[in-house]
Amino acid sequence: MADRDDDDDAYAKLVRRMNSPRVVIENDAFKHATVIQTVYRQGTLLEVVQVLTDLNLVIRKAYMSSDGGWFMNVFHVTDDGGNKIRDEGILNCIKKVFSFSLLYENRFLFFSFLQLFFLILQALETDASYMVKPMGKKVLSKEHTLIELTGTDRPGLLSEVCAVLTDLSCNVVNAEIWAHNARAAAVIHITDQSTGTAIEDPDQLSLIQELLYNVLKDLGDYRTPTVSISSPEQIHTGRRLHQMMFAARDFERPVSDQNDDSVRPYVTVSDCPDRDYTVVTARSVDRPKLLFDTVCTLTDMQYLVFHGAVITDRDEAYQEYYIRHVDGFPMSSEAERQRVMECIQAAIERRASKGLQLELFTDDHFGLLSDITRTLRENGLCAKRAEISTKNGKAKHNFIVTDVSGNPVEPKDYLFDPAANGTKRDTGERESKYVSEISPADTRKFPLWELFQMPKFPKFRAHQIPFMRCL
């Protein structure tokens with residue numbers, strides 16, 4: 001019996017070597033898109049999509065199919081401007097990530113892909129590494145302390161969290177915050193303001209945890225907030241936020257939103273009994289990272305995608321997946337189908353916040369984030385999503401804001417023209433831009449409209465995010 005097992009093992013290894021994982025990049029097959037084909041073992045779809053997404057590639061179409069334990073993906077991708085990928089640094093990075101993964105043979109782990117991804121980015125002498133948004137992935141330095149928060153969303157919550165961290169001499173290095181269905185989650189990387197390194201004092205860490213918990217708790221909500229402070233670890237921030245929001249049950253709509261007339265993603269879950277699959281379809285507004293968000297949720301809910309297709313047309317996206325649970329069986333109950341439908345809807349909506357987008361580029365200094373979030377709160381603006389990034393003394397902050405009732409606000413209400421002696425500037429355009437400069441210390445002195453009005457404020461841009469629509 002042992003000899004037979006050894007023979008089977010040897011045969012399996014031979015088959016793997018004859019049909020090794022591979023990647024093919026084709027730039028001439030289609031006029032407006034680069035085609036990337038990958039062949040890997042089953043269970044690697046999320047990692048492949050993650051690499052493409054973290055390189056800021058927009059997936060216009062995707063086809064997935066499995067056969068005999070192998071999984072083939074075909075992606076039609078463009079850059080943010082809708083153009084083919086011409087940057088040799090990006091193309092080489094894709095090839096090297098998937099080629100090096102051959103070294104791991106059958107061990108296609110998230111850690112392997114992610115570690116290789118960043119080693120290659122560091123080795124490439126190209127601007128490709130700077131094109132990768134810091135919020136997508138995160139290989140944390142030991143000089144950072146990681147904080148994870150979940151709780152009930154409310155106006156001014158982000159401002160209160162930032163104020164507590166500033167009062168405790170914590171400097172926010174990077175952070176991403178999501179709010180959806182009255183729930184909020186944040187992944188924050190901090191350092192000690194005096195040393196610029198991770199906080200190691202257990203008493204200080206306990207105090208940070210206690211005060212943040214007090215900020216997050218809501219006496220009118222039965223759900224308990226969570227505050228986790230840990231040492232650095234290797235995580236993917238987007239995936240972690242999906243997991244945290246799922247654990248916070250943001251897929252359950254609050255009673256106040258039950259009669260909301262806004263159109264939600266249309267998701268169906270049905271049986272395919274002749275093939276023992278469950279079929280999941282989703283129709284929604286197209287946006288970047290849509291495929292990642294959907295596949296991430298299915299994966300974390302312990303489902304495998306065997307076949308699928310994603311098609312985008314203008315601003316609309318259609319997704320279809322043939323899935324089974326990791327135990328090999330399709331869904332067996334209506335309750336399970338309903339739960340998957342709600343979770344896919346939530347996954348699509350989390351990153352599709354409605355509101356005014358504000359982007360800030362300036363020199364970084366301690367307390368800057370607290371000053372900005374306080375200014376937003378004092379001007380009646382509530383942050384529904386935020387991406388905070390600092391690097392080499394520079395800060396790049398991105399906020400999606402609404403009014404305190406959750407309704408979108410108009411850029412014209414917050415943009416002023418200094419040439420018009422303080423009068424409002426309404427260009428009538430979809431996107432309004434104004435660039436000026438002031439010293440970082442001066443941001444403490446002026447409310448929001450004055451920040452736009454002052455002739456020295458650096459690169460602050462605002463534009464309206466339209467309401468979500470779907471077929």
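With UniProt numbering as the guide, the letters of the sequence shown map in order to residues 1 to 471.
For each residue, glycine too, the CB sits at the ideal point set by N, CA and C.
Bounding residues of the beta strand (DSSP E) (the contiguous stretch that carries residue i)
i: D313; result: 303-313
i: I400; result: 394-403
i: G151; result: 145-152
i: H180; result: 170-180
i: Y277; result: 277-285
i: E252; result: Note, E252: premise wrong, no beta strand (DSSP E); not H, not E.
i: R22; result: 22-26
i: Y266; result: 266-272
i: L57; result: Premise fails: L57 is in no beta strand (DSSP E) and is neither H nor E.
6 Å CB neighbourhood of residue i in its chain, flanking five on each side removed
i: T427; result: Here T427 scores only 30 on pLDDT, less than 50, and its place in the model is too uncertain to base an answer on.
i: K217; result: P225
i: V340; result: V269
i: E176; result: M135, V187, T237, E387
i: E148; result: V187, S228
Spatial distance of residue i from residue j (CA atoms)
i: E336; j: Y303; result: 12 Å
i: F457; j: D192; result: Its pLDDT being 40, under 50, F457 is placed unreliably by the model, and nothing is read from it.
i: A29; j: V49; result: 21 Å
i: Y266; j: T281; result: 8 Å
i: A386; j: T150; result: 15 Å
i: G196; j: V172; result: 10 Å
i: residue 506; j: L290; result: Residue 506 is absent from the model: the chain starts at 1 and stops at 471.
i: H365; j: G393; result: 8 Å
i: D363; j: Y40; result: 44 Å
i: G328; j: T278; result: 11 Å
i: T237; j: V187; result: 7 Å
i: I208; j: F98; result: 41 Å
i: C93; j: E26; result: 15 Å
i: P330; j: V285; result: 28 Å
i: V305; j: N83; result: 29 Å
i: V74; j: G406; result: 39 Å
i: L358; j: N398; result: 6 Å
Buried/exposed call for residue i, threshold 16 Cβ in 10 Å
i: K146; result: Correcting the residue identity first, residue 146 is Leu in this sequence and not Lys. Its Cβ being crowded by 16 or more others within 10 Å, L146 is buried.
i: P202; result: exposed
i: T268; result: exposed
i: N247; result: Position check: residue 247 holds Ala in this sequence, whereas Asn was assumed. When all chains shown are included, A247 counts as exposed.
i: E410; result: exposed
i: Y222; result: exposed
i: K231; result: Sequence check: residue 231 is Ser here, not Lys. By the 10 Å Cβ count, S231 comes out exposed.
i: H144; result: buried
i: S332; result: exposed
i: K391; result: exposed
i: R377; result: buried
i: D313; result: exposed
i: L263; result: A quick correction: the sequence has Val, not Leu, at residue 263. V263 comes out exposed.
i: R275; result: exposed
i: N421; result: Residue placement at N421 cannot be trusted, given a pLDDT of 37 that sits under 50; the coordinates are not used to answer.
i: E334; result: exposed
i: D315; result: exposed
Integer Cβ distance of residue i from residue j, believed to fall under 8 Å
i: R283; j: Y322; result: With a Cβ gap of about 17 Å, R283 and Y322 do not count as contacting.
i: N174; j: R253; result: Not really, about 31 Å apart at Cβ, beyond 8 Å.
i: A346; j: L368; result: About 32 Å separates the two Cβ atoms, so there is no contact after all.
i: D79; j: V58; result: 7 Å
i: R272; j: M301; result: The sequence given here places Cys at residue 272; Arg does not occur at that position. In fact, because the Cβ distance is near 18 Å, the residues do not count as touching under 8 Å.
i: residue 494; j: P155; result: No answer is possible for residue 494: the residues shown for the chain start at 1 and end at 471.
i: residue 491; j: P408; result: The requested residue 491 is not part of the displayed model; the chain covers only 1 to 471.
7 Å CB neighbourhood of residue i in its chain, flanking five on each side removed
i: L205; result: I199, I229
i: A123; result: The predicted position of A123 is uncertain, since its pLDDT is 48 and thus under 50; a value taken from the coordinates is nonetheless stated next. Within the same chain, A123 has no close Cβ partners at all.
i: S65; result: M72, H307
i: I299; result: Note that residue 299 corresponds to Thr in the displayed sequence, not to Ile. Result list for T299: L46, in chain order.
i: Y213; result: P225, V227
i: V164; result: L211, L212, V215
i: V77; result: A33, T34, I36, L52, L57, V58, I59, R60, I85
i: S169; result: D192, Q193, S194
i: D153; result: A179, A182, R183, A184
Residue-chain proximity (residue i, chain D), Cβ-Cβ < 8 Å
i: S370; result: In the structure shown, chain D cannot be found, because there is only a single protein chain.
Where the alpha helix (DSSP H) containing residue i begins and where it ends
i: T375; result: 368-378
i: L212; result: 202-216
i: G328; result: Per DSSP, G328 belongs to no alpha helix (DSSP H) and is neither H nor E.
i: F292; result: 290-300
i: H242; result: 237-247
i: T197; result: Run containing T197: none; DSSP gives neither H nor E here.
i: S159; result: 157-167
i: Q42; result: Careful: Q42 lies outside any alpha helix (DSSP H) and carries neither H nor E.
i: E334; result: 334-350
Neighbourhood of residue i by C-beta distance below 8 Å, restricted to the same chain and skipping five residues each side
i: A419; result: Since pLDDT at A419 reaches only 39, below the 50 mark, its modelled position is unreliable, and the value read off the structure follows with that caveat. There are no such residues.
i: W70; result: N19, V39, Y40, R41, Q42
i: D293; result: G238, H242, A347, I348, R350, R351
Residue i: CB within 7 Å of a non-hydrogen atom of the ligand FAD
i: K84; result: This structure does not include the ligand FAD; it has no bound ligands of any sort.
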